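Student: Protein chains in written order, with my numbering: chain A, 14 to 274; chain B, 14 to 274. Glycine is no exception: its CB is placed at the ideal position from the N, C-alpha and C atoms. Computed from a predicted model, the values in this text were never measured in an experiment. Here's a structure for you.
There are 2 protein chains.
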Amino acid sequence: MLGIFDSGIGGLTVVKKVFEILPDYQILYFGDTARTPYGGRGEKIIKQYAAEGINFLINQGARIIIIACNTVSAVAFDDLKKKFSLPIFEVVKPVIEKAIKTTQNKKIGVVGTRATINSGVYEKLIKEIEPTIQIFSQACPLLVPLVEEGWFKKIETKMIVKKYLQPLRLQQIDTLILACTHYPFLQKIIQTKIGRQVKLVDPGEEVVLGVKNFLKQNPEIEKFLTKGDEHKFFVSDLTQRISQIAEGWLGRKIEIEEVEI
Amino acid sequence: MLGIFDSGIGGLTVVKKVFEILPDYQILYFGDTARTPYGGRGEKIIKQYAAEGINFLINQGARIIIIACNTVSAVAFDDLKKKFSLPIFEVVKPVIEKAIKTTQNKKIGVVGTRATINSGVYEKLIKEIEPTIQIFSQACPLLVPLVEEGWFKKIETKMIVKKYLQPLRLQQIDTLILACTHYPFLQKIIQTKIGRQVKLVDPGEEVVLGVKNFLKQNPEIEKFLTKGDEHKFFVSDLTQRISQIAEGWLGRKIEIEEVEI
């Protein structure tokens with residue numbers, strides 16, 4: 014199965030992309046809702062939680078792992094690659110390559126949680142590939158709770174998005190990385206507030222395109238992925254609200270199971 | 014020592030009240046920042062986390078426990094009283110008694126996290142004492158992240174508070190319970206938006222007044238509480254930002270230590 018790991022339910026936006034781009038494969042999802050959000054936590058804890066989540070997915074039959082969480086990708090990926098031998102994909106590198114290909118004026122913006130932005134990983138990795146690019150980063154801690162409230166179109170959300178994006182707009186970036194799983198829900202507002210000329214790039218879309226490519230080139234791994242639509246969804250803490258949000262976001266009824274990890 | 018348990022750093026508003034009302038006693042604080050917020054979690058998990066935190070405080074020398082967290086008070090207090098033999102105080106009952114004494118028109122409002130409001134505990138306990146009182150509850154999930162951002166006076170905060178309070182205002186409540194540790198930072202905005210005629214009641218203040226009273230009546234317990242200002246602060250995940258917020262809120266320099274529980 015195709016395992017998707019996230020710190021919470023934000024990774025369901027990556028599930029949506031898998032439904033679109035790789036619709037044949039059975040998905041095994043684990044969201045660590047008992048310990049979400051990872052965004053404000055320290056590095057050691059994030060690495061430990063991520064290893065526990067991935068272990069669970071492997072025990073359930075995952076043959077490939079997608080880390081949907083930007084915080085985990087930014088902070089713990091190297092560590093996890095050393096710990097586990099199966100193919101693991103993360104959301105940071107593919108979107109960086111896409112952003113570098115996309116920018117014309119060499120000014121890239123990054124928006125994400127405080128932990129993702131503070132890690133400086135986007136800046137560091139972009140500079141390694143293309144030192145002449147300027148990166149402008151902005152932590153937007155209120156956007157995750159706004160999305161989880163379902164306030165996708167409210168005036169307050171528009172004002173807060175505008176306030177967060179104003180510094181990036183002044184820098185005249187032409188490419189903006191949405192470095193948090195939740196942000197695709199605010200894509201329209203973000204596009205309006207940052208300006209029509211700016212290209213938005215979505216890590217979820219890029220990682221799934223990368224996995225598609227990998228499976229084409231590695232048929233010996235592809236054949237171990239079960240097909241069908243009996244997807245399995247697990248979380249470490251299940252509430253009625255999580256089921257509601259999940260079904261609303263995915264636009265279909267799903268069964269979610271609570272597990273202790 | 015006087016132990017204060019919270020799911021995160023919000024309980025520091027209760028510490029502030031202890032500094033004001035019981036300034037002689039040494040405080041032992043534990044905030045479960047690695048697993049905060051408890052607000053959206055299920056009951057079983059909240060009970061387990063709270064028992065672990067209180068156990069830690071007892072092992073560190075606490076002789077009395079104040080549960081600063083409304084979610085834990087609302088969901089887990091009865092369970093914790095059975096598990097532990099030392100005096101445990103919680104923030105729900107004292108504020109309920111105060112609100113019942115305060116209201117003239119018998120219309121009380123309650124604002125809090127989704128979990129606190131969904132638990133229905135305020136409504137249930139008020140009705141048990143005074144069945145003729147009407148209670149109007151409103152979950153305000155965005156206020157905690159707004160406070161943690163330090164957006165105490167921003168226009169967006171005022172608009173969001175206004176939106177949340179509008180239904181309570183229409184009901185013409187005359188008393189409003191601030192059923193979340195973070196809300197005292199928004200006290201002025203809340204007062205303005207709900208109307209000058211409405212009395213706000215703060216669980217932190219009420220619980221500390223209750224403890225003061227208890228210590229006066231129980232000198233055999235009071236004498237075990239160490240005095241002095243070498244307060245100890247522990248969290249389960251320490252970041253630079255937590256130290257910054259804590260010192261900003263308390264208005265003094267403090268040492269915070271990270272512990273695994």
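Count the other C-beta atoms from every protein chain shown that fall within 10 angstroms of the C-beta of Thr145 of chain A, then say buried if there are 16 or more, exposed otherwise.
Tutor: That one is exposed.
Student: Looking at the C-beta of Asp45 of chain B, does it have a partner C-beta in chain A at a distance below 8 Å?
Tutor: So no, Asp45 of chain B is outside the interface.
Student: Would you list the one or two residues that DSSP bridges to Asp19 of chain B?
Tutor: Its beta-bridge partners are B:Gly44.
Student: Run through chain B and tell me which residues come within less than 9 Å of Arg12 of chain A, C-beta to C-beta.
Tutor: Here chain A covers residues 14 to 274 and nothing more, so residue 12 of chain A does not appear.
Student: Mind reading off the beta-carbon distance from Tyr196 of chain B to Leu155 of chain B? Whole number of angstroms is fine, and I expect it under 8 Å.
Tutor: Actually they are not in contact, since the Cβ atoms of Tyr196 of chain B and Leu155 of chain B sit about 12 Å apart, beyond 8 Å.
Student: Would the region 35-49 of chain A and the region 196-213 of chain A be scored as touching if the rule is three or more Cβ pairs under 8 Å?
Tutor: No, they do not touch.
Student: Report yes or no: is there a C-beta of chain B within less than 8 Å of the C-beta of Pro180 of chain A?
Tutor: By this cut-off, Pro180 of chain A is not an interface position.
Student: So, helix, strand or coil for Lys212 of chain B, using DSSP?
Tutor: Three-state result, Lys212 of chain B: strand.
Student: Below 6 Å CB to CB, which residues in the same chain sit around Thr170 of chain A once its five sequence neighbours on both sides are set aside?
Tutor: The residues are Leu159, Trp164.
Student: What does Leu189 of chain A pair with, by DSSP beta-bridge criteria?
Tutor: Paired residue(s): A:Gly122, A:Leu213.
Student: Along the region 149-161 of chain A, where does the CB come closer than 9 Å to a CB of chain B? Name the residues.
Tutor: Listed by position along the chain: Pro154, Leu155, Val157, Pro158, Leu159, Glu161.
Student: Taking CB distances under 8 Å as the criterion, tell me whether Ile186 of chain A reaches chain B.
Tutor: For Ile186 of chain A, the answer is no, since every Cβ of chain B falls outside 8 Å of its Cβ.
Student: Do Leu15 of chain B and Ile77 of chain B have their beta-carbon atoms positioned less than 8 Å apart in this structure?
Tutor: In this structure, Leu15 of chain B lies closer than 8 Å to Ile77 of chain B by Cβ.
Student: In angstroms, rounded to a whole number, what distance separates the CA positions of Ala81 of chain B and Ala64 of chain A?
Tutor: For Ala81 of chain B and Ala64 of chain A, the distance between alpha carbons rounds to 32 Å.
Student: Please determine, among B:Arg182, B:Gln204, B:Ile109, the residue with the shortest C-alpha to C-alpha distance to Val220 of chain B.
Tutor: For the residues B:Arg182, B:Gln204, B:Ile109, the minimum Cα distance to Val220 of chain B belongs to B:Ile109.
Student: Which residues in chain B have a C-beta closer than 8 Å to the C-beta of Arg127 of chain A? List them in chain order.
Tutor: In chain order: Arg254.
Student: On the CB-based measure, 16 or more other CB atoms within 10 Å of its CB, does Arg48 of chain B come out buried or exposed?
Tutor: So Arg48 of chain B ends up on the buried side.
Student: Just to check my reading of the structure: Gln151 of chain A and Val124 of chain A have Cβ atoms closer than 8 Å, yes? What is that Cβ distance to the nearest angstrom?
Tutor: Right, the Cβ-Cβ distance comes to about 5 Å (below 8 Å), so this counts as a contact.
Student: Three or more C-beta pairs under 8 Å: does that hold for the region 262-270 of chain B against the region 229-246 of chain B?
Tutor: With a cut-off of 8 Å, the region 229-246 of chain B and the region 262-270 of chain B count as touching, because enough Cβ pairs lie within range.
Student: Assess, as a yes-or-no matter, whether the region 184-201 of chain B is touched by the region 127-137 of chain B under the definition of 3 or more beta carbon pairs within less than 8 Å.
Tutor: At 8 Å Cβ cutoff, the stretches touch.
Student: So Phe102 of chain B packs on Ile79 of chain B, CB below 8 Å; how close in whole Å?
Tutor: About 5 Å separates the two Cβ atoms, so the contact holds.
Student: Please report the distance separating the alpha-carbon of Asn226 of chain A from that of Gly44 of chain A.
Tutor: The alpha-carbon atoms of Asn226 of chain A and Gly44 of chain A are separated by roughly 25 Å.
Student: In the DSSP output, which residue or residues are listed as bridge partners for Ile113 of chain A?
Tutor: DSSP, once it has assigned bridges, lists no residue as partnering Ile113 of chain A.
Student: Just the chain B side, please: which residues come within less than 7 Å of Ile58 of chain A by C-beta, in chain order?
Tutor: Residues of chain B passing the Cβ test: Ala47, Asp250.
Student: Could you tell me which residues DSSP puts in a beta bridge with Val220 of chain A?
Tutor: DSSP, once it has assigned bridges, lists no residue as partnering Val220 of chain A.
Student: Of all the options B:Arg254, B:Phe237, B:Gly241, B:Leu263, which has the alpha carbon lying nearest to the alpha carbon of Leu99 of chain B?
Tutor: Considering only alpha carbons, the answer is B:Phe237.
Student: With distances taken between CB atoms, is the gap from Gly52 of chain A to Arg127 of chain A smaller than 8 Å?
Tutor: In this structure, Arg127 of chain A lies closer than 8 Å to Gly52 of chain A by Cβ.
Student: Do Val105 of chain B and Ser20 of chain B count as a contact pair if the criterion is CB distance below 8 Å?
Tutor: Not in contact: Ser20 of chain B and Val105 of chain B (Cβ atoms no closer than 8 Å).
Student: Would you please verify whether the beta carbon of Ile173 of chain B is less than 8 Å from any beta carbon of chain A?
Tutor: Chain A contact via Cβ: present.
Student: Against chain B, with Cβ distances strictly below 8 Å, would Glu260 of chain A count as a contact?
Tutor: No, no contact with chain B.
Student: How many Å lie between Leu178 of chain A and Glu161 of chain B at the Cα?
Tutor: In a straight line, the C-alpha of Leu178 of chain A is about 20 Å away from that of Glu161 of chain B.
Student: Could you list which residues in chain A have their beta carbon closer than 9 Å to that of Glu268 of chain B, in chain order?
Tutor: Simply none; closest approach about 17 Å.
Student: Does the Cβ of Pro180 of chain B have 16 or more other Cβ atoms within 10 Å, making it buried, or fewer, making it exposed?
Tutor: Classification for Pro180 of chain B: exposed.
Student: Relative to the C-alpha of Lys201 of chain B, which candidate in B:Lys167, B:Lys114, B:Ile186, B:Glu233 has its C-alpha closest?
Tutor: When each option's Cα is compared against that of Lys201 of chain B, the closest is B:Lys167.
Student: Less than 8 Å between the C-beta atoms of Lys120 of chain B and Gln185 of chain B, yes or no?
Tutor: Yes. Within cutoff.
Student: From the DSSP output, read off the bridge partner residues of Ser150 of chain B.
Tutor: DSSP, once it has assigned bridges, lists B:Val123 as partnering Ser150 of chain B.
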